[in-house]
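> Going left to right, the sequence shown walks through residues 119 to 407 as the working numbering numbers them.
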Amino acid sequence: MALAAARRLLLHAGSRLGRREAVDGARRFANKRVLVETEGPAGVAVMKLRNPPVNSLSLECLTEFTISLEKLENDKSIRGVILTSECPGIFSAGLDLLEMYGRNPAHYAEYWKNVQELWLRLYTSNMILVSAINGASPAGGCLLALCCDYRVMADNPKYTIGLNESLLGIVAPFWFKDMYVNTIGHREAERALQLGTLFPPAEALKVGVVDELVPEDKVHSKARSVMAKWLAIPDHSRQLTKNMMRKATADNLIKQREADIQNFTSFISKDSIQKSLHMYLEKLKQKKG
Ligand SMILES: CC/C=C\C/C=C\C/C=C\CC/C=C/CC(=O)SCCNC(=O)CCNC(=O)[C@H](O)C(C)(C)COP(=O)(O)OP(=O)(O)OC[C@H]1O[C@@H](n2cnc3c(N)ncnc32)[C@H](O)[C@@H]1OP(=O)(O)O
């Protein structure tokens with residue numbers, strides 16, 4: 119309930135701000151964790167995640183992300199969005215582990231509902247989505263990128279991307295898996311999901327997790343030039359084609375959202391799964407020390 123109220127407030131406040139700044143031609147609206155900038159007549163918005171240190175998708179971050187997308191969808195002058203990160207070296211560390219560890223079932227259910235909501239909105243967006251992957255992109259971070267129509271990644275071997283859930287002792291849900299299969303094919307997805315592979319850029323390109331690699335300082339300019347190419351296609355034909363390609367995958371979740379929430383909640387609440395997450399969090403801490 120509190121989140122629904124926050125969402126209404128943010129939408130309202132955001133639209134007022136958006137109108138005021140539109141006077142300059144360039145517009146900008148920001149929540150705490152998501153910054154959106156639109157420039158001139160090109161109809162393109164740049165959406166930057168800024169939830170330091172690692173852009174983990176906390177409940178608040180998911181909510182702000184979803185609201186920002188909703189506002190852009192409602193703005194008929196926006197045809198494309200470049201999704202990127204403001205956190206140096208990290209695109210997104212994925213779902214926030216602290217939302218899935220040591221909480222109660224009601225919290226898990228609420229969290230998962232918001233994860234579903236963001237995924238459905240991103241994956242079925244009518245806008246052109248290009249990801250400018252300027253850092254590490256494990257699990258839910260990779261999920262965000264996979265939702266886009268085109269993925270440009272910084273060619274820095276320090277960055278990896280992939281669905282690594284099995285390394286954490288958890289399981290990617292069927293709709294993560296479906297999207298992976300749609301992107302890289304069944305055999306590659308089967309292997310990468312079981313092994314929890316985090317691909318360095320060259321391998322990510324080879325297997326098709328990303329579409330293009332560029333030097334780090336060229337990620338944004340390349341994303342813009344890719345966007346220009348996609349903008350040249352008539353919206354109606356591109357949108358109908360996108361819908362034709364993605365609808366069955368989205369519908370597969372839509373028809374069983376509630377069951378998927380129950381499934382997640384009971385899975386993540388298990389002692390054995392909580393223990394795995396605990397161990398993984400400890401490992402992350404130890405890496406530092
Ligand atoms: C039959 C089927 C049955 C059931 C299925 C049903 C349902 C499905 C069930 C579950 C599926 C749930 C799906 C989850 C998807 C996810 O996204 S899980 C998250 C996966 N993410 C990761 O593994 C990334 C972990 N992080 C890292 O590898 C590194 O942090 C990273 C490379 C991103 C950055 O490295 P570095 O710059 O060195 O930073 P640190 O490692 O030092 O991290 C800084 C602090 O941030 C904390 N942190 C990192 N990642 C997360 C995160 N994802 N969530 C929360 N917090 C995170 C880290 O602990 C540090 O914190 P500290 O400063 O120590 O307090």
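No residue lacks a Cβ here, since even glycine has one placed at the ideal position from N, Cα and C. Just so we're clear, the structure is a prediction, and the values are computed from it rather than from any experiment.
Find the nearest neighbour of Ala160 within the set Phe147, Ile196 and Leu190, judged by alpha-carbon distance.
The residue with the shortest Cα to Cα distance from Ala160 is Ile196.
> If I measure Cβ to Cβ from Gly258 and keep anything under 7 angstroms in the same chain, skipping five residues before and after, which residues do I get?
Only Leu175, Ser210, Gly212 and Leu213 meet the Cβ criterion.
> From Leu190, Met218 and Leu247, pick the residue whose C-alpha is nearest to that of Ile379; which is it?
Comparing Cα positions, the closest option is Met218.
> Return the CA-CA distance between Gln374 and Lys231, expressed in angstroms with no decimal places.
Distance between the alpha carbons of Gln374 and Lys231 is about 12 angstroms.
> Please name the residue in Ala148, Ala227 and Trp237 whose C-alpha comes closest to that of Arg364.
It is Trp237 whose Cα lies nearest to the Cα of Arg364.
> Confirm, please, whether the CB-CB distance from Asn282 to Gly314 is below 8 angstroms.
Yes, Cβ-Cβ distance for Gly314 and Asn282 is below 8 angstroms.
> Report yes if the C-beta distance between Leu201 and Ala250 is below 8 angstroms; otherwise report no.
Yes, they are a contact pair.
> Between Arg269, Met245, Leu240 and Thr278, which has its C-alpha nearest Gly253's C-alpha?
It is Thr278 whose Cα lies nearest to the Cα of Gly253.
> Nearest CA to the CA of Arg246: which residue from Lys360, Gly303 and Leu402?
Looking at the sequence provided, one finds Ile at residue 246 rather than Arg. Ranking Lys360, Gly303 and Leu402 by Cα distance to Ile246 puts Lys360 first.
> Taking Cβ to Cβ, would you say Leu264 is nearer than 8 angstroms to Tyr298?
Going by C-beta atoms, Leu264 is nearer than 8 angstroms to Tyr298.
> Mind checking whether the beta-carbon of Ile288 lies closer than 7 angstroms to any heavy atom of ligand 1?
Answer for Ile288: yes, Cβ within range of ligand 1.
> From the DSSP output, in three-state form, read off Lys401 for me.
Three-state DSSP puts Lys401 in a helix.
> Using a Cβ-Cβ cutoff of less than 7 angstroms, which residues in the same chain neighbour Pro223 once the five nearest sequence positions on both sides are dropped?
Closer than 7 angstroms at Cβ, skipping near neighbours: Thr383 and Ser387.
> CB of Glu283 to nearest heavy atom of ligand 1: below 7 angstroms?
Checking the Cβ of Glu283 against ligand 1 gives yes.
> Can you tell me whether DSSP reads Met245 as helix, strand or coil?
In this structure, Met245 counts as coil in the three-state DSSP scheme.
> Output yes or no for whether 8 angstroms exceeds the beta carbon distance between Val248 and Met345.
Cβ distance < 8 angstroms, so Val248 and Met345 count as in contact.
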